[in-house]
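What follows is a set of notes on a single structure, which appears directly below.
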Amino acid sequence: MRRACDRFWEIDPYREGRLGPNAAKSFERHLRGCAECRNQADRDERLREIARRLPDPAPSDLALRRLQTRVLRDVALGAPTRAIRRLRLAFAVMAAALGCFAVWHHTESRLASHAVATVAGAAAGASPPKAEIGPGSAPSPDAPAPASELAGSVVASPNARWSQTRESGIERVQIEDGAVRVHVRRQVEGERFLVALPDGEIEVRGTTFDVIVEHGATTRVHVDEGLVELRIRGRGTTRLTAGEAWNVPAPPNGSASAFRVAAGPARAPVVAPRTETSVGDTPGADDVAAYTAAIQWMQQGQFDRAAAAFHALVLAEPRTLQAQDASFLEAVALARAGRTDAAALAAEQHLAAFPDSFHRKEAAILIARAASQRGDCPKARAIVSAWNDGSPDAEVRSAMGRCRDGTPR
Amino acid sequence: MSAPTPMTRVDRVEDPDLLLGIAGGDLGALGELYDRYAREVWRAVCRCLPDGSDAEDVVHATFLKLPQIAASYDGRASCRNWLCGIAVRLALRHRRGVGRFRHMLSAFAHEVVGRSTADPERKASGNQELRVLERALAGLSEKKRAVFVLVELEGLSIEESSRALEIPAATARTRLFHARHELQAALRGAGVG
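Protein chains in written order, with the working numbering: chain V, 1 to 409; chain G, 1001 to 1193.
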């Protein structure tokens, strides 16, 4: 790869304009006479030209939005650093190894135990891999596998508080706080398996499911396989089959939305917050396609059409994260269509439905813009007051318009 | 009422101001910066690590890191190149393990073959040179590919790339030279160079 020409390295600086005027002129003269440098410059340009035509691997808008949600949520909640994650992994591996050893030892020794055992949740920072507590009645050495062996295995989040007991064929997992995953083998006749919650209980016949309890209340139950019957005080009975989830319904003002970002709690969550808020609220493929189509109409400048499509999406799936975006984008589409008041109305609806929205500032700006345009300065000031503290940013200043100088009409 | 006006960004907040906000814990500023550059960061990472799921993780890590490093930004008007550099560096770290690296190579080879045969438009156009370049790019070492991606595909200068990758400029220049040479040789070998 030896080069005869020692000015070969000037090709890039020349192309990028980094050579001084005299050096550039000198290199231009050199190029006219040096076939090697000229050919190399042509080859480089040809390579660049092909490289520019490589397929764009950029993700879809939806994927970007989802990742944005993840990023903002993790920043708000203080996601663990890489070192802490590694430490946790190491703890988890050690705990798993200890658990395997314990199970093996238990199987080998086949010690009978009549005790009702209670296991506290794991120490902070390490998740107990499994907790299988001794049988509730002494098995005969000649008997077949006793029904008194624990039917359920439990994997809990690091700070979970739970216990597991078995007595007279009734096994009970009591969850006080945290996220817990329970796998229950198929129950035989005479057995019952109950998960006791602070505000209710779950009865299962053989299944795998997750439960989250926060601040003394069940917030989510998700079933991977099998069937569970969920009984929450004051909410009746809900039967959940594989793939279904129950989430604590948001109160009418939406302030207890299961999805929070901006006002992240100081403590780490037991699990990542989920976006669904009730059974079947995960957007289906049709909704994803409709969302993508609406985005495309926005990009094509068909704002009224896009606004209608976003509105339809909100109506179809009002409590998904996608609906949160869609309801804001409806307001944006209306604003871009020049329908300022309609946009403000949509923005108000967005804020009412999603008070913790990522877009609350932008929505407030839309409302303030409309209010200032019609001379309603008190409203304009009130809606952006959170971002109007002495040195408002350019967007807020722009939205305030004629109301900025404190002279309402 | 005055004539309605479409919502447009009249006064755009500049990148350095956004980064100041991010350093101060402003999530809105982070969201704004994400909106501006996430797509380009993702693309740069994808081109260095053509494993889609890993790319998402690296982009996630890049933006997650911003609150800690935003204060060190040098104040240039656009932080696009700075972000791409961070992302590519994280991508390289992400792939440093030998096992991961092997997995990446096989995944990328699979990806390239899969994409090449599955894209009817490109198949119809018979765009052989793109397929050859994709394969050759996949065959480059990580280090050379990172410099090539940053300079030739993302438009960073050699100096910016060297800062981003924390290597001397001369090293970046040499890696770029060898990357180009290998890619051009591959194109020539396939009769499309």
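The C-beta atom is built at its ideal place from N, Cα and C for all residues, glycine as well.
Of all Cβ atoms in chain G, is any one closer than 7 Å to the Cβ of residue i?
{"i": "V:K379", "result": "no"}
{"i": "V:A51", "result": "yes"}
{"i": "V:L62", "result": "no"}
{"i": "V:D393", "result": "yes"}
{"i": "V:R43", "result": "yes"}
{"i": "V:A58", "result": "yes"}
{"i": "V:V476", "result": "Nothing about residue 476 of chain V can be read from this structure; chain V reaches only from 1 to 409."}
Please confirm whether residue i and residue j have their CB atoms less than 7 Å apart.
{"i": "V:V211", "j": "V:I170", "result": "no"}
{"i": "V:K379", "j": "V:A371", "result": "yes"}
{"i": "G:V1147", "j": "G:R1175", "result": "yes"}
{"i": "G:D1015", "j": "G:C1079", "result": "yes"}
{"i": "V:Y291", "j": "V:L313", "result": "yes"}
{"i": "V:I367", "j": "V:E395", "result": "no"}
{"i": "V:A309", "j": "V:I365", "result": "no"}
{"i": "V:V173", "j": "V:A160", "result": "no"}
{"i": "V:V223", "j": "V:E244", "result": "yes"}
{"i": "V:F328", "j": "V:H311", "result": "no"}
{"i": "V:D289", "j": "V:W297", "result": "The residue you asked about is not Asp; residue 289 of chain V is Ala in the sequence shown. In this structure, V:W297 does not lie closer than 7 Å to V:A289 by Cβ."}
{"i": "V:I232", "j": "G:L1133", "result": "no"}
{"i": "G:V1149", "j": "G:R1047", "result": "yes"}
{"i": "V:A337", "j": "V:F303", "result": "yes"}
Give me the residue from the options with the minimum Cα distance to residue i.
{"i": "G:E1166", "options": "G:I1086, G:L1033, G:R1145, G:Q1128", "result": "G:I1086"}
{"i": "G:R1173", "options": "G:A1190, G:K1143, G:V1192", "result": "G:K1143"}
{"i": "G:N1081", "options": "G:W1042, G:P1067, G:H1060, G:F1177", "result": "G:W1042"}
{"i": "G:D1054", "options": "V:V288, V:I50, V:P59, V:A51", "result": "V:P59"}
{"i": "V:Q295", "options": "V:P318, V:D325, V:T219", "result": "According to the sequence displayed, residue 295 of chain V carries Ile and not Gln. When only C-alpha atoms are compared, the closest one is V:D325."}
{"i": "G:G1021", "options": "V:A399, V:R397, V:D393, V:R404", "result": "V:D393"}
{"i": "G:F1063", "options": "G:L1049, G:G1031, G:C1048", "result": "G:G1031"}
{"i": "V:G301", "options": "V:L334, V:A245, V:V314", "result": "V:L334"}
{"i": "G:S1072", "options": "G:G1024, G:A1091, G:E1040", "result": "G:G1024"}
{"i": "G:K1065", "options": "G:Y1034, G:A1136, G:F1177", "result": "G:Y1034"}
{"i": "V:V410", "options": "V:R235, V:L194, V:R29, V:L72", "result": "The requested residue 410 of chain V does not occur in the structure, where chain V is confined to residues 1 to 409."}
{"i": "V:I383", "options": "V:A353, V:R402, V:G20, V:A344", "result": "V:A344"}
{"i": "V:A217", "options": "V:D199, V:R233, V:E225, V:R205", "result": "V:D199"}
{"i": "V:R150", "options": "V:E167, V:R52, V:V93, V:N159", "result": "For the record, residue 150 of chain V in the displayed sequence is Leu; it is not Arg. Out of V:E167, V:R52, V:V93, V:N159, V:E167 has the C-alpha closest to the C-alpha of V:L150."}
{"i": "V:R66", "options": "V:F358, V:I11, V:G236", "result": "V:F358"}
{"i": "V:G401", "options": "V:H215, V:C377, V:N22", "result": "V:C377"}
{"i": "V:R192", "options": "V:F209, V:G178, V:T165, V:D177", "result": "V:T165"}
{"i": "G:L1130", "options": "G:L1183, G:V1013, G:A1044, G:L1018", "result": "G:L1183"}
{"i": "V:R374", "options": "V:A76, V:V204, V:R339", "result": "V:R339"}
{"i": "V:G33", "options": "V:C5, V:P57, V:D12", "result": "V:C5"}
Quick check on residue i - is its C-beta less than 7 Å from some C-beta in chain V?
{"i": "G:Q1184", "result": "yes"}
{"i": "G:Y1073", "result": "no"}
{"i": "G:H1094", "result": "no"}
{"i": "G:G1028", "result": "yes"}
{"i": "G:V1113", "result": "Legend: pLDDT at G:V1113 = 41, less than 50; position of this residue unreliable, value from coordinates given subsequently. By this cut-off, G:V1113 is not an interface position."}
{"i": "G:G1031", "result": "yes"}
{"i": "G:E1056", "result": "yes"}
{"i": "G:R1135", "result": "no"}
{"i": "G:C1079", "result": "no"}
{"i": "G:A1038", "result": "yes"}
{"i": "G:E1152", "result": "yes"}
{"i": "G:E1142", "result": "no"}
{"i": "G:L1064", "result": "yes"}
Can you have a look at residue i and say buried or exposed, based on whether 16 or more other CB atoms are within 10 angstroms of its CB?
{"i": "V:S100", "result": "Looking at the sequence provided, one finds Cys at residue 100 of chain V rather than Ser. Flag for V:C100 reads exposed."}
{"i": "G:S1141", "result": "exposed"}
{"i": "V:E330", "result": "buried"}
{"i": "G:M1104", "result": "In this prediction, G:M1104 has a pLDDT of 49, which is less than 50 and means its spatial position is unreliable; what the coordinates show is noted afterwards. So G:M1104 ends up on the buried side."}
{"i": "V:T219", "result": "buried"}
{"i": "V:L47", "result": "buried"}
{"i": "V:S148", "result": "Its pLDDT being 48, under 50, V:S148 is placed unreliably by the model, and the measurement read from it follows with that caveat. By the neighbour-count rule (16 or more Cβ atoms within 10 Å), V:S148 is buried."}
{"i": "V:P249", "result": "exposed"}
{"i": "V:R409", "result": "Bear in mind that a pLDDT of 42 at V:R409, under 50, signals an unreliable position, so the number given afterwards is only what the model happens to contain. V:R409 should be labelled exposed."}
{"i": "V:W104", "result": "exposed"}
{"i": "G:S945", "result": "Not covered by the structure: residue 945 of chain G. The range shown for chain G is 1001 to 1193."}
{"i": "V:N247", "result": "buried"}
{"i": "V:T207", "result": "buried"}
{"i": "G:A1077", "result": "exposed"}
{"i": "V:G234", "result": "exposed"}
{"i": "V:N22", "result": "exposed"}
{"i": "V:N388", "result": "buried"}
{"i": "G:H1094", "result": "buried"}
{"i": "V:T69", "result": "buried"}
{"i": "V:L98", "result": "exposed"}
Exercise. For the segment 175-240 of chain V, which segments carrying the beta strand (DSSP E) assignment without a break, of at least 3 residues, lie completely within its bounds, in sequence order?
Worked result: 192-197, 200-204, 207-214, 217-225, 227-232
Problem set entry | Continuous alpha helix (DSSP H) assignments of at least 4 residues falling wholly in the segment 1025-1065 of chain G | 1027-1048
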